[in-house]
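A.B. asks: When the letters of the sequence shown are read in order and numbered with the numbering used here, they come out as residues 977 to 1215. Ideal Cβ placement from N, Cα and C applies to all residues, glycine included. Since this is a predicted model, take the numbers as computed values, not measurements.
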Amino acid sequence: MPNHILPTALKLPAIKKLEGKRIVLASNSPRRQEIFRTFGLVPDIVPSKFEENLSPSSFTDIHEYPVATATQKAVEVYERLVEEDPDNPPDLVIAGQSIALFISERVYERVRLADTVVLTHAQPSTSDVSYSVLPRYNQELLEKPISKEDNLRMLLDINGGVCEVVTGVVVDNPRHVVEAYVENGEGLDRAGGFAIQGLGGLLVRKIEGDYYNVVGFPASSFFAFMDLLLEEDPDFLEV
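(1) Check whether the Cβ atoms of L1204 and K993 lie closer than 7 Å to each other.
(2) On the CB-based measure, 16 or more other CB atoms within 10 Å of its CB, does R1166 come out buried or exposed?
(3) Buried or exposed for G1182, please, with buried defined as at least 16 other CB atoms from any protein chain shown within 10 angstroms of its CB.
(4) Assign K1120 to one of three DSSP states: helix, strand, or coil.
(5) Does the Cβ of N1029 have 16 or more other Cβ atoms within 10 Å, making it buried, or fewer, making it exposed?
(6) Tell me the start and end of each unbroken alpha helix (DSSP H) in the stretch 994-1058 that is at least 4 residues and wholly inside, in chain order.
(7) Can you give the beta carbon distance from D1067 to R1008, rounded, assuming they're within the 8 Å contact cut?
(8) Expressed to the nearest angstrom, what Euclidean distance is found between the alpha-carbon atoms of D1037 and V1158?
(9) Could you tell me the boundaries of the alpha helix (DSSP H) in which R1151 lies?
(10) Can you look up I991 in the DSSP assignment and give me helix, strand or coil?
(11) So what's L942 in DSSP terms, helix, strand or just coil?
(12) Is L982 helix, strand or coil by DSSP?
(13) Compare the C-beta of P1062 against all C-beta atoms of chain C and say whether one is closer than 7 Å.
(14) To the nearest angstrom, how far is it from the Cα of H1039 to the Cα of L1117?
(15) Restricting to Cα atoms, I'd like to know which of R1129, V1051, F1015 is closest to S1003.
(16) Once the 5 residues before and after V1069 are set aside, which same chain residues still bring their CB inside 6 Å of it?
(17) Are there 16 or more other CB atoms within 10 angstroms of the CB of E1207, so buried, or fewer, so exposed?
(18) Measuring straight from C-alpha to C-alpha, what distance separates I1122 and R1056?
(19) Is the beta carbon of L1179 closer than 7 Å to that of E1162?
(20) By the three-class DSSP mapping on this structure, what secondary structure does R1129 have?
(21) Tell me which residues share the same chain as P1023 and place their Cβ nearer than 7 Å to its Cβ, disregarding the 5 neighbours each side in the sequence.
(22) Beta strand (DSSP E) containing I1183: first to last residue?
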């Protein structure tokens, strides 16, 4: 079995628990792979075949939508790998799903699936502004733009405002800067229409929370969750 832990990984209890385990990332996203490598993990890459056809409107809380989609991705990969090789099941399957939400007076019914969630206006836990004093606007779901025109519409909508990728990102730029970024095309396959780790970083004035979450995977929350699981069940991942 390949070693999924690099020598550069921190000697955390959660990391040590993963030694000798088969770790699978149910995503082909190079951004997520790079995040894991940064923290010393090189999981097997097995992209999920889940159709990602859940309807966001079926969830009373839109934050549950990416969680449910990620869960279905992980389950599909786990069951497929067990069926292919019952003697070598994965010990841990990791999946992620991201979208973008924007508070707007308009509500768009169309939804395109993406790899990250963005919400306009940060949650009270990541912002000094309470929801009780925010305008009663609807939250618009921002996923991957379908064209450069759609990309421009997205960025102009969030320009000068706050969008939340479970954390907060502030975007405020002159229109000619936004148009130049859209023309470059980098944001066409990114939720919210921009890539903070690329040229899109020019558009972002401030971020509150986990930078890696905005890139594509909440690394800090993931490792904290792993530590919590170990505290509650020291035999976690043991056969």
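C.D. replies: Checking against the coordinates, here is how it stands:
(1) no
(2) buried
(3) Position check: residue 1182 holds Lys in this sequence, whereas Gly was assumed. Exposed is the call here.
(4) coil
(5) exposed
(6) 1006-1014
(7) The Cβ separation is near 19 Å, so there is no contact.
(8) 31 Å
(9) 1151-1160
(10) helix
(11) This structure does not reach residue 942, given that the chain is present from 977 up to 1215, and the question cannot be answered.
(12) coil
(13) The displayed structure is made up of one protein chain only, and chain C is not part of it.
(14) 11 Å
(15) V1051
(16) V1000, A1002, A1050, V1053, Y1054
(17) exposed
(18) 31 Å
(19) no
(20) helix
(21) A1002, S1003, N1004
(22) 1180-1184
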